[in-house]
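A.B. asks:
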Amino acid sequence: MDSDREQICFVTVGSTSFTALISHVLSIDSLAALTTQGFRKLIVQYGNSDLPPRWVAGTQNIHTTDERTIEVELWKFRDRVEDIVDQADLVISHAGAGSILTSLRQKKTLIVVVNLSLMDNHQAELAKTLSSKSYLLVATPESLSSVISTLSTAAPKLVSFPAPDSTRFLDVINEELNLV
1 MDSDREQICF VTVGSTSFTA LISHVLSIDS LAALTTQGFR KLIVQYGNSD LPPRWVAGTQ
61 NIHTTDERTI EVELWKFRDR VEDIVDQADL VISHAGAGSI LTSLRQKKTL IVVVNLSLMD
121 NHQAELAKTL SSKSYLLVAT PESLSSVIST LSTAAPKLVS FPAPDSTRFL DVINEELNLV
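First residue of the sequence shown? That's 1 in UniProt numbering, and the numbers climb one at a time after it.
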């Protein structure tokens, strides 16, 4: 991460409701962990989640327990999420495949927060598999501030997600149509 400019963290839940993630990322523990790691701006796209008491959509400056300040922007939905991901140094995301792939393809440090309340949680399986390959970090809402606190040691161990093999699909089509 580039220490010469303002460090930005982007949080997204997509269009879902994941109030536990939003509540925990806006907790004083998570905000303090972010500022300790050098982040000075937090952009939160909270979708259909409820905001915790005292939080309102828009921009506000928050003082953390260590007297650092972090600018927090809260948005229900945002256009051009890919542009925001591009600006971010860290992405904290729900475990939706689209959100995960957007961040990994843009080579962003990614913490995926698994919603354990979902039934048939294929998203947890996806996050666990990608974490086992060192592409991303996994957290629960409750462990989020602890995982953020490990970024300076954990992030350098992550590996880049490979580019998609655009020829593979064509190979399968050719094989199925007996063109090979």
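Quick reminder that beta carbons are idealized off the backbone N, C-alpha and C, glycines included.
What is the DSSP secondary structure of His94, reduced to helix, strand or coil?
C.D. replies: Of the three classes helix, strand and coil, the one that applies to His94 here is coil, per DSSP.
A.B. asks: Out of Asn115, Thr16 and Ser30, which one is the CA nearest neighbour of Asp50?
C.D. replies: Checked all of Asn115, Thr16 and Ser30; the closest Cα to Asp50 is Thr16.
A.B. asks: Is it the case that the region 71-88 contacts the region 135-143, given that we only count it when at least three CB pairs across the two stretches are under 8 angstroms?
C.D. replies: Cβ pair count under 8 angstroms is below three, so no.
A.B. asks: Any idea which residues DSSP pairs His63 with across the strands?
C.D. replies: BP columns for His63 point to Thr69.
A.B. asks: Hey, out of Ser143, Glu142, Ser149 and Ile100, whose CA is closest to Ala127's CA?
C.D. replies: For Ala127, the nearest C-alpha among the options comes from Ile100.
A.B. asks: Count the other CB atoms within 10 Å of the CB of Gln7; is the residue buried (16 or more) or exposed (fewer)?
C.D. replies: Gln7 comes out buried.
A.B. asks: Are the Cβ atoms of Val10 and Val113 separated by less than 8 angstroms?
C.D. replies: The sequence shown places Phe at residue 10, rather than the Val named in the question. In this structure, Val113 does not lie closer than 8 angstroms to Phe10 by Cβ.
A.B. asks: Roughly how many whole angstroms lie between the Cα atoms of Thr150 and Pro52?
C.D. replies: Approximately 25 angstroms between the Cα atoms of the pair.
A.B. asks: Mind checking whether His122 and Phe18 have CB atoms under 8 angstroms apart?
C.D. replies: No, the Cβ-Cβ distance between His122 and Phe18 is not below 8 angstroms.
A.B. asks: What is the DSSP secondary structure of Arg105, counted as helix, strand or coil?
C.D. replies: Reduced to three states, the DSSP call for Arg105 is helix.
A.B. asks: For Lys41, which of Ser146, His63, Ser131 and Thr102 has the nearest alpha-carbon?
C.D. replies: If we check each option's Cα against that of Lys41, His63 comes out closest.
A.B. asks: Nearest-angstrom Cα distance between Gln37 and Leu118?
C.D. replies: Cα to Cα, the separation comes out at about 30 angstroms.
A.B. asks: Determine whether the beta carbon atoms of Ile70 and Leu31 lie at a separation below 8 angstroms.
C.D. replies: It is a contact, given that the beta carbons lie within the stated cut-off.
A.B. asks: Taking Val11 as part of the beta strand (DSSP E), name the residues at either end of that continuous run.
C.D. replies: Residues Gln7 to Thr12.
A.B. asks: Determine the closest residue to Glu82 out of Pro156, Gln106, Asp171 and Arg54, with distance taken between C-alpha atoms.
C.D. replies: Answer by Cα proximity: Gln106.
A.B. asks: Ignore the nearest five residues each way along the sequence and tell me which others in Asp2's own chain have a CB closer than 8 angstroms to its CB.
C.D. replies: Interpretation of Asp2 is limited by its pLDDT of 49, a score under 50 that renders its predicted location unreliable; the figure taken from the coordinates is listed afterwards. Taken in chain order, the residues that qualify are Asp89.
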